[in-house]
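Counting the sequence shown from 1 gives a position; the working numbering is that position plus 7.
Quick notes on the structure that follows.
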Amino acid sequence: MEHIDVLLWDVDGTLLDFAAAERAAIRSLFAEFGLGDCTDGMLARYAAINRGYWEKLERGEMSRPAILVGRFADFLRELGQDAGLAPALNEAYQRRLGETIVFRDDSKTLVASLRGRIPQYAVSNGTVVAQTGKLRRSGFDQLLDGVFLSEQLGAEKPAVAFFEPVLRAIGSPDRQRVLIVGDSLTSDILGGNRAGIRSCWYNPDGLPNATEARPDYEIRNLWEVTRLL
8 MEHIDVLLWD
18 VDGTLLDFAA
28 AERAAIRSLF
38 AEFGLGDCTD
48 GMLARYAAIN
58 RGYWEKLERG
68 EMSRPAILVG
78 RFADFLRELG
88 QDAGLAPALN
98 EAYQRRLGET
108 IVFRDDSKTL
118 VASLRGRIPQ
128 YAVSNGTVVA
138 QTGKLRRSGF
148 DQLLDGVFLS
158 EQLGAEKPAV
168 AFFEPVLRAI
178 GSPDRQRVLI
188 VGDSLTSDIL
198 GGNRAGIRSC
208 WYNPDGLPNA
218 TEARPDYEIR
228 NLWEVTRLL
């Protein structure tokens with residue numbers, strides 16, 4: 008195995024527990040916008056709608072602004088609420104998402120332990136507003152060597168157009184010595200495959216892989232990454 012010189016970390020669902028932040032944000036928005044009680048079933052339905060929209064973004068089928076508002080419009084319609092609230096709901100949601108920090112597998116301690124030993128960067132399809140808040144509140148902004156967000160790069164993972172500027176910015180390292188670690192097969196792992204870098208699928212629940220993505224490694228706990236370095 009080639010020695011790994013650079014680590015690219017996905018944020019949502021990998022370093023941070025996105026589902027927990029999502030639930031907290033949606034519940035707070037129900038209260039703020041007077042949408043009534045927010046049940047677990049409603050949270051599950053929103054999460055499903057949201058996943059569907061992000062998959063469309065990954066496939067290049069919709070623009071980012073369209074998916075950010077469209078998911079809430081669909082959700083509001085299902086609730087029998089005014090879909091016209093969607094733009095304001097999305098704007099408030101972006102701010103709220105950055106307010107709930109739950110680390111996966113004590114990821115902050117892991118990243119801190121690797122600081123200075125290997126360059127580490129965040130690579131995310133999350134919005135600038137949400138991710139900037141998360142990274143600041145979590146302390147990752149001080150621990151990582153850089154952050155690359157698709158909204159700023161103008162391309163989403165898994166597109167090669169996302170990874171090319173990232174690799175240039177970090178000094179065009181040997182791609183076989185770059186490792187992306189992420190929970191999404193269709194975003195992180197497929198993106199790594201397309202960019203010609205190594206990929207590590209963070210799969211804590213032991214889910215099957217029914218996609219075209221082919222991870223070089225698979226881990227259940229983030230600390231297993233240290234064995235790959």
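The beta carbon of each residue, even a glycine, is placed where N, CA and C say it ideally should be.
For residue i, report the span of its beta strand (DSSP E) as first-last.
i    : result
I56  : Careful: I56 lies outside any beta strand (DSSP E), inside the alpha helix (DSSP H) at 47-65.
Q127 : 127-131
S206 : 205-209
L160 : That residue, L160, is in no beta strand (DSSP E); its alpha helix (DSSP H) goes 157-160.
Could you name the residues of the same chain whose beta carbon sits closer than 6 Å to that of residue i, not counting the 5 residues immediately before and after it, in chain order?
i    : result
F82  : Y53, I56
S1   : This structure gives no information on residue 1, because the portion of the chain shown stretches from 8 to 236.
R205 : L186, D223
G140 : G105
R84  : A90
Which same chain residues end up closer than 7 Å to residue i when comparing Cβ atoms and leaving out the 5 residues on each side of it in sequence?
i    : result
A119 : L150
R78  : I56, N57, Y60
E39  : A99
Y209 : T21, V188, G189, D190, I226, L229
N216 : L192
In the DSSP assignment, find the unbroken alpha helix (DSSP H) run with residue i in it and report its ends.
i    : result
G77  : 71-86
V136 : 135-145
E171 : 167-176
I33  : 25-39
E98  : 93-104
Leaving out five residues before and five after residue i in sequence, what residues of the same chain have Cβ atoms less than 8 Å from its Cβ?
i    : result
I125 : I11, D12, V13, L14, L236
L174 : P180, R182, V185, A202, I204
My assumption, with CB atoms under 8 Å, is that residue i sits in contact with residue j. Please give the rounded CB distance.
i    : j    : result
D17  : D212 : Going by Cβ atoms, the distance from D17 to D212 rounds to 16 Å, so no, they are not a contact pair.
I108 : L23  : 7 Å
Apply the 10 Å Cβ neighbour rule to residue i and answer buried if 16 or more other Cβ atoms are within range, or exposed otherwise.
i    : result
G48  : exposed
T134 : buried
G199 : buried
S6   : Given a span of 8 to 236 for the chain in the structure shown, any question on residue 6 remains unanswerable.
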